[in-house]
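J.: Have a look at this one before I ask anything.
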Amino acid sequence: MSNRLPAVVAALALLASCSSVPPTRVATPASAVTAPPVIAGPHGDDNLNATAWAQTAIEHDLIYLQTYRDAQSRLLAALKDRQWDALPKDDRLTPLKNLKPAVILDIDETVLDNSPYQARVIKGGGEFNEADWAAWCKEQRARALPGVVEFTQFAARHGIAVIYVSNRAKDLDQVTLANLRQVGVPVSGSQAFLGLGTFVDGCEQVGTEKGCRRQLIGAHYRVLMQFGDQIGDFVTVLANTSAGRETVMAPYLPWIGTRWFVLPNATYGSWEPALFNNDWSAPRQQRHQQKIDSLRFQ
């Protein structure tokens, strides 16, 4: 501090001497006035903060750990209760008596972390497309999310089947099963993965909804718990609007945290198209504006 003091005093003296001389104003011709250059900044990306949070925030990992640890602490009690079932009423078509126990897990952002794919999309400036997504799946590089390996291994040790129901295309079944085995979650065989396109006799598939596959599982298993990052992982959503999503979940709110365990995914999901009338054909900027219009400011 003492070495800087003389310089400060000198600077103050110089300012004082300058202040006694009025500044000279030079008129600038109007023709010489130009607008400041416009510096192009980075374009905003709707998914940047969400993906950065998923990859870097310790809070993200703690939520997953908390969820799977809480589920594990409740699992054996659910196993002992012969009337305990986590299938919604529309999917429970087979009586529970003598059914083997199982848990159902979605895969993407429930078991496997696909944030590197989202990061690639952001860096490339594009949007999701099936070809790039399939290529990422075939790399088999997705990592397990926190807590899921311990939970699923605990379930398997207690004789509970672990079944993965995913909207990954059925032709990605082998690479998906390989990725699941690689991260250490139990995989009992090819029937452990029910992908999009799985045929269920007597059940009409509605878009990407998972109801038919849940019914197929329910014919053979008493489902103790379900895990997912979308409400469509738990129940069929016929009206994908904000109001429709709330309505379909209302009867099952008591199941949240006991039979159904919902995991965070701010990077993608059916909640997003619900904000722009499910119209992915609309221009990107229009969809962006509709999402802004959905925000609350009070």
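If you're matching positions, the sequence shown starts at -14 in the numbering used here and goes up one per residue. For every residue, glycine included, the Cβ atom is placed at its ideal position computed from N, Cα and C.
Can you tell me where the alpha helix (DSSP H) holding L60 begins and where it ends?
T.: Per DSSP, the continuous alpha helix (DSSP H) segment holding L60 begins and ends at 43 to 65.
J.: Considering F246, what are the terminal residues of the beta strand (DSSP E) in which it resides?
T.: 245 to 247
J.: Report the rounded CA-to-CA distance for S227 versus Q270, giving the unit in angstroms.
T.: Their Cα atoms are separated by approximately 21 Å.
J.: Using only CA atoms, which one of F184, D55, L33 lies nearest to T243?
T.: Measuring from the Cα of T243, the nearest candidate turns out to be D55.
J.: For P268, count the other beta carbons within 10 Å of its own beta carbon; 16 or more makes it buried, fewer makes it exposed. Which is it?
T.: That one is exposed.
J.: Sort out for me which residues DSSP pairs Q211 with in a bridge.
T.: The partner list for Q211 (beta bridge, DSSP) reads I89, W245.
J.: To the nearest whole angstrom, what separates the beta carbons of T79 and A204, a pair I think is in contact under 8 Å?
T.: 5 Å
J.: Count the other CB atoms, across all protein chains shown, that sit within 10 Å of the CB of F219; report buried if there are 16 or more and exposed otherwise.
T.: buried
J.: Would DSSP call Y253 helix, strand or coil?
T.: coil
J.: Pairing CB atoms from the segment 98 to 109 with CB atoms from the segment 137 to 148, are three or more of them under 8 Å?
T.: no
J.: Give the DSSP-derived three-state secondary structure of D186 in the structure shown.
T.: coil
J.: For F261, which three-state DSSP category applies?
T.: helix
J.: With a 10 Å radius around its C-beta and 16 neighbouring C-beta atoms as the bar for buried, classify N99 as buried or exposed.
T.: buried
J.: Would you kindly report the start and end of the unbroken alpha helix (DSSP H) that includes Y102?
T.: Residues 100 to 109.
J.: Could you check the C-alpha separation between Q164 and I92 for me, to the nearest Å?
T.: Here residue 164 turns out to be Asn, not Gln, going by the sequence shown. Going from the Cα of N164 to the Cα of I92 covers about 11 Å.
J.: Using alpha carbons as the reference points, say which of G192, P73, D46 lies closest to Q200.
T.: P73
J.: In whole angstroms, what separates the C-alpha of L280 from that of V247?
T.: 23 Å
J.: Using the C-alpha atoms, what's the distance from F282 back to V96?
T.: 35 Å
J.: Quick one, which of A127, D66, L223, C122 has its alpha-carbon nearest D75's?
T.: L223
J.: So C122 and V150 are in contact, right, with Cβ under 8 Å, and what is the actual spacing, rounded?
T.: Going by Cβ atoms, the distance from C122 to V150 rounds to 16 Å, so no, they are not a contact pair.
J.: Using CA coordinates, which residue listed in L179, Q68, E115 is at the minimum distance from K195?
T.: L179
J.: Compute the distance between the beta-carbons of V208 and A116, then report whether it is under 9 Å.
T.: no
J.: Can you say whether E94 is buried or exposed, counting buried as having 16 or more other CB atoms within 10 angstroms of its CB?
T.: buried
J.: Cα-Cα, which of I216, Y237, K276 is closest to G254?
T.: I216
J.: On the three-state DSSP scale, how would you describe A204?
T.: coil
J.: Based on the DSSP output, what are the partners of F178 in its beta bridges?
T.: Y149
J.: What does the alpha-carbon distance come out to for the pair V233 and I148?
T.: 24 Å
J.: Does the structure place the segment 181 to 198 close enough to the segment 123 to 139 that three or more beta carbon pairs sit under 8 Å?
T.: no
J.: Does the beta-carbon of W245 have 16 or more other beta-carbons within 10 angstroms, so that it is buried, or is it exposed?
T.: buried
J.: Alpha carbon to alpha carbon, what distance is there between A119 and P249?
T.: Within the model, the alpha-carbon separation for P249 versus A119 is close to 23 Å.
J.: Going by the CB atoms, is the gap between G132 and Q40 shorter than 9 Å?
T.: Judged by their CB atoms, Q40 and G132 are not nearer to each other than the 9 Å cut-off.
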